[in-house]
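Residue numbers (the numbering used here): 33 to 104.
Following this line, the structure appears as structure tokens:
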């Protein structure tokens, strides 16, 4: 049982070290591109959600206006 735990710690340490070396070796252009991609995706998602809410709100108002004109 202890061998499995030691192996897991060794594997995690090796993977973590490899990841840190990889992150250190990346150039700033790659970081900048990744940051811009993440920022663009986040803004796109937020705008999509806001437009969805706006369309829902406009739809409700138009339905109420249509009912008032035809029932009134």
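A virtual CB, placed ideally from N, CA and C, is assigned to each residue, including glycine.
Check, Outcome
"Simplified DSSP assignment, three categories, for residue 45", "helix"
"C-alpha distance - residue 98 paired with residue 71, whole-angstrom precision", "40 Å"
"Three-state secondary structure assigned by DSSP to residue 81", "helix"
"Spatial distance of residue 57 from residue 82 (CA atoms)", "39 Å"
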